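Visitor:
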Amino acid sequence: MIETLAERVNADEMLVRRGRFLTTTFLLEVGPTAWLIAIFEGRIVSVTAGPFVMPSSSFALRASAEEWAKFWSPRPPPGSNDLMALIKRRALKAEGNLQIFMANLRYFKEALAKLRGAGAAA
Amino acid sequence: MTAAFEPIVGRYLHLDLFGRPHRIYLEQAGEGTALLCLHTAGADGRQYRALMNDERITRNHRVIAFDMPWHGKSSPPRGWHNEEYQLTSAQYTSMILDIMTALELDRPILIGCSIGGRIALHLALEHPERFRGIIGLQAGAHVDPYYDLNFLHRPDVHGGEIAAAIVSGLVGPDAPDQERWETLWHYMQGGPGVFKGDLYFYKLDGDIRGRVAQIDTRRCPLFLLSGEYDYSCTPEETLAVAGSIPGSEVTIMKGLGHFPMSENPQEFLKYLLPVLEKIRG
Numbered sequence: 052m053i054e055t056l057a058e059r060v061n062a063d064e065m066l067v068r069r070g071r072f073l074t075t076t077f078l079l080e081v082g083p084t085a086w087l088i089a090i091f092e093g094r095i096v097s098v099t100a101g102p103f104v105m106p107s108s109s110f111a112l113r114a115s116a117e118e119w120a121k122f123w124s125p126r127p128p129p130g131s132n133d134l135m136a137l138i139k140r141r142a143l144k145a146e147g148n149l150q151i152f153m154a155n156l157r158y159f160k161e162a163l164a165k166l167r168g169a170g171a172a173a
Numbered sequence: 018m019t020a021a022f023e024p025i026v027g028r029y030l031h032l033d034l035f036g037r038p039h040r041i042y043l044e045q046a047g048e049g050t051a052l053l054c055l056h057t058a059g060a061d062g063r064q065y066r067a068l069m070n071d072e073r074i075t076r077n078h079r080v081i082a083f084d085m086p087w088h089g090k091s092s093p094p095r096g097w098h099n100e101e102y103q104l105t106s107a108q109y110t111s112m113i114l115d116i117m118t119a120l121e122l123d124r125p126i127l128i129g130c131s132i133g134g135r136i137a138l139h140l141a142l143e144h145p146e147r148f149r150g151i152i153g154l155q156a157g158a159h160v161d162p163y164y165d166l167n168f169l170h171r172p173d174v175h176g177g178e179i180a181a182a183i184v185s186g187l188v189g190p191d192a193p194d195q196e197r198w199e200t201l202w203h204y205m206q207g208g209p210g211v212f213k214g215d216l217y218f219y220k221l222d223g224d225i226r227g228r229v230a231q232i233d234t235r236r237c238p239l240f241l242l243s244g245e246y247d248y249s250c251t252p253e254e255t256l257a258v259a260g261s262i263p264g265s266e267v268t269i270m271k272g273l274g275h276f277p278m279s280e281n282p283q284e285f286l287k288y289l290l291p292v293l294e295k296i297r298g
């Protein structure tokens, strides 16, 4: 399911446009599974599954598979409907250079929400 | 082409607050018992536009919403450009009471959301005799910071974009798109550091956990309405406050978030109208 992130994000012209000043690679951890997601000027250029020996990223988002499954459900319950809701409950850890994450917060929220209702949990 | 005015009238009020001259913008609509409305942190009085446009409210109430200093169309005080804005409990309290005095409001109903809901608890405790009834929306006794507030005011993060992006998930899932994005637009329009300065009250100075149980609802009725999807002031936090205040009435609003009057007014009014009815007696 995570593999579909690139096509889902890149199909949204306005989302890509809002990310036009964003070029970075971030690490997404869904329980024990890690993914490196590379973005070039708002377009997702690669989604690579781990495990990695030395993953290099600007920041990482880490939550359990159960938490992501709730976040990606078609109508997430209260407390699971937004990245900041997960962070408030300490269910999502955001670590690294968070200036990139926060300066593009709407982009990251909307990009990750593209996996909502995508079917099977990660 | 059709064109139509809303019944809302806006004016500027000059008065001294905290010993300094201020120019405060306020909007009013309707006639009857005054209903004084307090907006959330980093936003302005436009959040109450739907109440002022709803005849079920305005036929019995004079609805008044002011923009706090630094917010909306109210100016910051002279000298602001060399100051850091930080809202305190003492300033917030005196601002509300001084504006009530200036407008000659006799025991209005107070409705406040988020920081407005928090100060509503302070006022219920310290000045109950000044109000006919107090309605706290998204009112909790305290919220711990859950992100680094410095991101709200630094040159390498756009202040308007981050303010709206921080709060976007606080809007409930059923909010109509137009109202959701109107609500977020207000956040995008906030001045540099203003949202952060409000959160100084919300997350540090305005902590009322130790005193909230002393609120005496026999002196002024207290109603608490909180949205189910608010993770800033959660339903559990509101229920805890209500549980500690005998005589308070609490309702959790299904599907709503942190900005009920602005994000989904038609749903919110289903909860508000019976409360106003109760206060009318």
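As given, the protein sequences belong to chains R and B, one line each in that order.
Under this note's numbering, the first residue of the first sequence is numbered 52, with each subsequent residue one higher.
Under this note's numbering, the first residue of the second sequence is numbered 18, with each subsequent residue one higher.
Where is the CB? At the ideal position from N, CA and C, for every residue including glycine.
Quantities reported herein were computed from a predicted structural model and do not represent experimental measurements.
Touching or not, the segment 141-149 of chain B and the segment 174-194 of chain B, by the rule of three or more beta carbon pairs under 8 Å?
Guide: Contact fails: fewer than three Cβ-Cβ distances are below 8 Å.
Visitor: Would you identify the three-state DSSP class for TYR29/B, choosing helix, strand or coil?
Guide: Indexing the second sequence from 1 puts residue 29/B at position 12. Reduced to three states, the DSSP call for TYR29/B is strand.
Visitor: Looking at LEU216/B and ALA58/B, is the spacing between their C-beta atoms short of 8 Å?
Guide: In the second sequence, residue 58/B corresponds to position 41, counting from 1. In the second sequence, residue 216/B corresponds to position 199, counting from 1. For ALA58/B and LEU216/B, yes; Cβs fall inside 8 Å.
Visitor: Quick one: Cα of MET69/B to Cα of GLY27/B, how far?
Guide: Walking along the second sequence from the start, residue 69/B turns up at place 52. Walking along the second sequence from the start, residue 27/B turns up at place 10. Approximately 11 Å, taken between the alpha carbons.
Visitor: Less than 8 Å separating the beta-carbons of LEU78/R and PRO106/R?
Guide: The residue given as residue 78/R occupies position 27 in the first sequence. The residue given as residue 106/R occupies position 55 in the first sequence. Yes, these two residues count as a Cβ contact at 8 Å.
Visitor: If we ignore side chains and look at the alpha-carbon of each, how far apart do ALA158/B and PHE240/B end up?
Guide: Locating residue 158/B in the second sequence gives position 141, where the first residue counts as 1. Locating residue 240/B in the second sequence gives position 223, where the first residue counts as 1. So the two alpha carbons sit approximately 14 Å from each other.
Visitor: Whole angstroms are fine: how far does the CA of ARG76/B sit from the CA of MET18/B?
Guide: Within the second sequence, the letter at position 1 stands for residue 18/B. Within the second sequence, the letter at position 59 stands for residue 76/B. Straight-line Cα distance between these residues: approximately 29 Å.
Visitor: Roughly how many whole angstroms lie between the Cα atoms of GLY89/B and HIS31/B?
Guide: Against the second sequence, residue 89/B aligns to sequence position 72. Against the second sequence, residue 31/B aligns to sequence position 14. Roughly 15 Å between the two C-alpha positions.
Visitor: Rounded to whole angstroms, what is the Cα-Cα separation between ILE151/B and GLU266/B?
Guide: The residue given as residue 151/B occupies position 134 in the second sequence. The residue given as residue 266/B occupies position 249 in the second sequence. The straight-line gap from Cα to Cα measures roughly 11 Å.
Visitor: Rounded to whole angstroms, what is the Cα-Cα separation between ALA154/R and HIS175/B?
Guide: Taking the first residue of the first sequence as position 1, residue 154/R is located at position 103. Taking the first residue of the second sequence as position 1, residue 175/B is located at position 158. Going by the C-alpha atoms only, they are around 7 Å apart.
Visitor: Since GLN45/B sits in a beta bridge, which residues does DSSP pair it with?
Guide: As a working mapping, residue 45/B is identified with position 28 in the second sequence. According to DSSP, which records beta bridges pairwise, GLN45/B is partnered with VAL26/B, ILE81/B.
Visitor: Where are the beta strand (DSSP E) runs, 3 residues long or more, that stay fully inside the segment 71-113 of chain R, in chain order?
Guide: With a minimum length of 3 residues, the continuous beta strand (DSSP E) runs that stay inside the segment 71-113 of chain R are 75-81, 84-91, 94-100.
Visitor: For THR55/R, is the classification buried or exposed, using 16 other Cβ atoms within 10 angstroms of its Cβ as the cut-off for buried?
Guide: Residue 55/R sits at position 4 when you count from the first residue of the first sequence. Answer is exposed; the Cβ neighbour count stays below 16.
Visitor: Using DSSP with H/G/I as helix, E/B as strand and the rest coil, what is THR118/B?
Guide: Locating residue 118/B in the second sequence gives position 101, where the first residue counts as 1. Helix, per DSSP.
Visitor: Between TYR42/B and CYS54/B, how many whole angstroms is the CB-CB distance? I'm expecting something under 8 Å.
Guide: One-based indexing of the second sequence puts residue 42/B at position 25. One-based indexing of the second sequence puts residue 54/B at position 37. About 13 Å; that fails the 8 Å criterion.
Visitor: With a CB to CB cut of under 6 Å and the five nearest residues on each side skipped, what residues in its chain are close to LYS180/R?
Guide: Given a span of 52 to 173 for chain R in the structure shown, any question on residue 180/R remains unanswerable.
Visitor: Under the DSSP definition of a beta bridge, which residues are partnered with VAL267/B?
Guide: The sequence position of residue 267/B within the second sequence is 250, counting from 1. BP columns for VAL267/B point to LEU241/B.
Visitor: Straight-line CA distance for THR76/R to TRP86/R?
Guide: Against the first sequence, residue 76/R aligns to sequence position 25. Against the first sequence, residue 86/R aligns to sequence position 35. Going by the C-alpha atoms only, they are around 10 Å apart.
Visitor: Is LEU32/B close to chain R? Criterion is C-beta to C-beta, closer than 8 Å.
Guide: By 1-based counting over the second sequence, the position of residue 32/B is 15. It does not: the Cβ of LEU32/B has no partner Cβ on chain R nearer than 8 Å.
Visitor: Under a three-way DSSP split, which group does ILE262/B fall into?
Guide: Position 245 of the second sequence, counting from 1, holds the residue named residue 262/B. Coil at ILE262/B, not helix or strand.
Visitor: Give me the subset of the segment 119-133 of chain R whose CB atoms are less than 7 Å from a CB atom of chain B, sorted by chain position.
Guide: Going along the segment 119-133 of chain R in chain order, one finds ARG126, PRO129, GLY130, ASN132, ASP133 with a Cβ nearer than 7 Å to chain B.
Visitor: Assess contact between the segment 272-280 of chain B and the segment 227-238 of chain B, defined as three or more Cβ pairs (one per stretch) separated by less than 8 Å. Is contact present?
Guide: With a cut-off of 8 Å, the segment 227-238 of chain B and the segment 272-280 of chain B do not count as touching, because too few Cβ pairs lie within range.
Visitor: Check for me: the beta strand (DSSP E) holding GLY150/B runs from which residue to which?
Guide: The residue you call residue 150/B lines up with position 133 of the second sequence. Residues 150-154.
Visitor: Can you give me the start and stop residues for the beta strand (DSSP E) that LEU166/R sits inside?
Guide: For the purposes of this step, residue 166/R is identified with residue 115 of the first sequence, where counting begins at 1. Per DSSP, LEU166/R belongs to no beta strand (DSSP E) and is neither H nor E.
Visitor: What in chain R is Cβ-close to ALA257/B, meaning under 7 Å?
Guide: As a position in the second sequence, residue 257/B is number 240, starting the count at 1. Going along chain R, no residue has its Cβ under 7 Å from ALA257/B, so there is no contact; the nearest lies around 16 Å.
Visitor: Is DSSP giving ALA62/R helix, strand or coil here?
Guide: For the purposes of this step, residue 62/R is taken as residue 11 along the first sequence, with counting starting at 1. ALA62/R falls in the coil class under three-state DSSP.
Visitor: Check the Cβ of LYS165/R against every Cβ in chain B and list those closer than 9 Å, keeping chain order.
Guide: As a first step, residue 165/R must be located in the first sequence, where it is residue number 114. Chain B residues near LYS165/R: none, gap ~15 Å exceeds 9 Å.
Visitor: Rounded to the nearest angstrom, what separates PRO252/B and ARG167/R at their Cα positions?
Guide: Taking the first residue of the second sequence as position 1, residue 252/B is located at position 235. Taking the first residue of the first sequence as position 1, residue 167/R is located at position 116. Answer to the nearest angstrom: the Cα atoms are 25 Å apart.
Visitor: With 8 Å as the threshold, decide whether the Cβ of LEU156/R is near any Cβ in chain B.
Guide: Taking the first sequence and counting its residues from 1, the one referred to as residue 156/R is at position 105. It does; some Cβ of chain B falls within 8 Å.
Visitor: For ALA100/R, tell me which candidate among SER115/R, ARG113/R, THR84/R, LEU149/R has the shortest Cα-Cα distance.
Guide: Numbered from its first residue, the first sequence carries residue 100/R at position 49. The option with the nearest alpha carbon to ALA100/R is THR84/R.
Visitor: Can you confirm whether ASP194/B, when its beta carbon is compared against all beta carbons of chain R, has any partner nearer than 8 Å?
Guide: The residue you call residue 194/B lines up with position 177 of the second sequence. It does not: the Cβ of ASP194/B has no partner Cβ on chain R nearer than 8 Å.
Visitor: Under a three-way DSSP split, which group does ALA58/B fall into?
Guide: In the second sequence, residue 58/B corresponds to position 41, counting from 1. Coil.
Visitor: Which same chain residues end up closer than 7 Å to THR74/R when comparing Cβ atoms and leaving out the 5 residues on each side of it in sequence?
Guide: What you label residue 74/R is simply residue 23 of the first sequence in a count that begins at 1. Cβ neighbours of THR74/R beyond the five flanking positions: ILE90, PHE91, GLU92.
Visitor: So MET153/R contacts chain B; which residues on that side make the cut at Cβ distance below 7 Å?
Guide: Here residue 153/R refers to the residue found at position 102 of the first sequence. Result: PHE168, VAL174, ILE179.
Visitor: Does ALA136/R have its Cβ less than 8 Å from a Cβ in chain B?
Guide: Position 85 of the first sequence holds residue 136/R. Chain B contact via Cβ: present.
Visitor: Check each candidate in ASN132/R, ARG69/R, MET65/R and name the one with the smallest Cα separation from TRP119/R.
Guide: Reading the first sequence from its first residue, position 68 is the one you call residue 119/R. It is ASN132/R whose Cα lies nearest to the Cα of TRP119/R.
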